[in-house]
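So the structure is just underneath, and the comments pick up after that.
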Amino acid sequence: MKYAALLTSNADDITAWEKLTPEEAASARAEEIPKWEALFNELGPTGVFGFSAELDAPRTSKTVRVRDGETIVTDGPFAETKEQIGGLIELDADDLDAAIAIAARIPVAARASVELRPVIEH
Amino acid sequence: MQYLALIYGEEGRWADLSPEERESEMGEYMALSTADVTKGGHELDSVATATTVRVRGDETLVTDGPFVELKEVLGGYYVFECDSIDEACTWAAKIPAAKHGAIEVRPVYVDGGES
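Taken in sequence, the protein lines are chains A and B.
Here numbering that gives the first Met the number 0 is used: the first residue of the first sequence is 0, the next is one more, and so on.
Here numbering that gives the first Met the number 0 is used: the first residue of the second sequence is 0, the next is one more, and so on.
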């Protein structure tokens, strides 16, 4: 089964992150990156992970609607929620339990959450 | 630059469309899926199939349902390769759900560069 794992971040963490100086942010990233590398180095070669992307902060997003033929673009995310999508990993797992076991190892699961959604194959 | 276009819409809507409307909308999605600008993307199964995983301490907490309940739900996404977010937004406007729901366009993070 193919799943899309939606990786979320807490809005408070995002706000705190954006207040860091570039040096502080670089050092926080340097601390965070090895956890991700360990996971990707272990599962990457097994073909469990497909496309993945870390997303830029929600404030950098734009939301697009078309109404009566007119395109309306607003700044910011679609919804201002306590947890915001911050990344996406497509993963292949035998079943939901296997997908849950993998999701629990994604570092953001310990601070925010990982939502698993089966992908529809066309 | 890559952009993720998150597609939000009301879930029951598809069931209310006529076969002709569905066929026409599916054609628009297929055209977008095969466009040069599109590097990936998927339709997601209904939000009823969502499972949310959190780890607190040593415990894995698994709940049924999405991480947040919204009236318009995430139904899929595209990955677009574009020169700017404005260009990505013009592609997002071509997604049929833009006409009744909304498309959130987010830059994919590039280490060391402000997008």
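No residue lacks a Cβ here, since even glycine has one placed at the ideal position from N, Cα and C.
task: Quick one: residues in its chain with C-beta nearer than 8 Å to the C-beta of residue 32/A, no 5 flanking neighbours on either side, listed in chain order?
output: none
message: If the cut-off is 8 Å on Cβ atoms, which residues from the segment 31-64 of chain A count as contacting chain B, listed in chain order?
response: 50, 52, 53, 54, 55, 57, 59, 60, 61, 62, 63, 64
query: What are the complete beta strand (DSSP E) segments, minimum 3 residues, inside the segment 18-96 of chain A?
result: 48-53, 61-66, 69-74, 82-91
query: Is residue 87/B near residue 114/A, with beta carbons less than 8 Å apart?
result: no
field: Buried/exposed call for residue 130/B, threshold 16 Cβ in 10 Å
entry: Because chain B in this structure spans residues 0 to 114, residue 130/B falls outside the shown range and cannot be described.
- prompt: With distances taken from CA atoms, which of 17/A, 22/A, 30/A, 47/A is nearest residue 102/A?
  reply: 47/A
field: Contact set between the segment 37-63 of chain B and chain A, restricted to residues whose Cβ is under 7 Å from the partner
entry: 39, 41, 42, 43, 44, 48, 49, 50, 51, 52, 53, 54, 59, 61
message: Threshold first: 4 residues or longer. Then list the alpha helix (DSSP H) segments lying entirely within the segment 49-92 of chain B, N to C.
response: 84-91
- prompt: What is the residue span of the beta strand (DSSP E) that residue 101/B lies within?
  reply: 101-106
- request: Below 7 Å between beta carbons is the criterion; list the residues of the segment 80-104 of chain B that meet it against any residue of chain A, in chain order.
  value: 84, 88, 91, 92, 97, 98, 101, 102, 103, 104
- prompt: Considering only C-alpha positions, which residue in the set 41/B, 101/B, 71/B is nearest to residue 4/A?
  reply: 41/B
query: Buried or exposed: which applies to residue 12/B, given that a residue is buried once 16 or more other Cβ atoms fall within 10 Å of its Cβ?
result: exposed
- request: Check whether the Cβ of residue 21/A lies closer than 8 Å to any Cβ atom in chain B.
  value: no
field: Run of the beta strand (DSSP E) containing residue 8/B, from where it starts to where it stops
entry: 1-8
message: Restricting to Cα atoms, I'd like to know which of 82/B, 71/B, 45/B, 37/B is closest to residue 98/B.
response: 71/B
Per DSSP, the bridge partner or partners of residue 8/A: 83/A
query: So, is residue 82/A buried or exposed, given that buried needs 16 or more other C-beta atoms within 10 angstroms?
result: buried
- prompt: DSSP on residue 46/B, reduced to helix/strand/coil?
  reply: helix
query: Skipping 5 residues on each side, what residues in its chain have a beta carbon closer than 7 Å to that of residue 13/A?
result: 56, 57, 83
query: If residue 9/B and residue 75/B are in contact, beta carbons under 8 Å, what's the gap, nearest whole angstrom?
result: With a Cβ gap of about 14 Å, residue 9/B and residue 75/B do not count as contacting.
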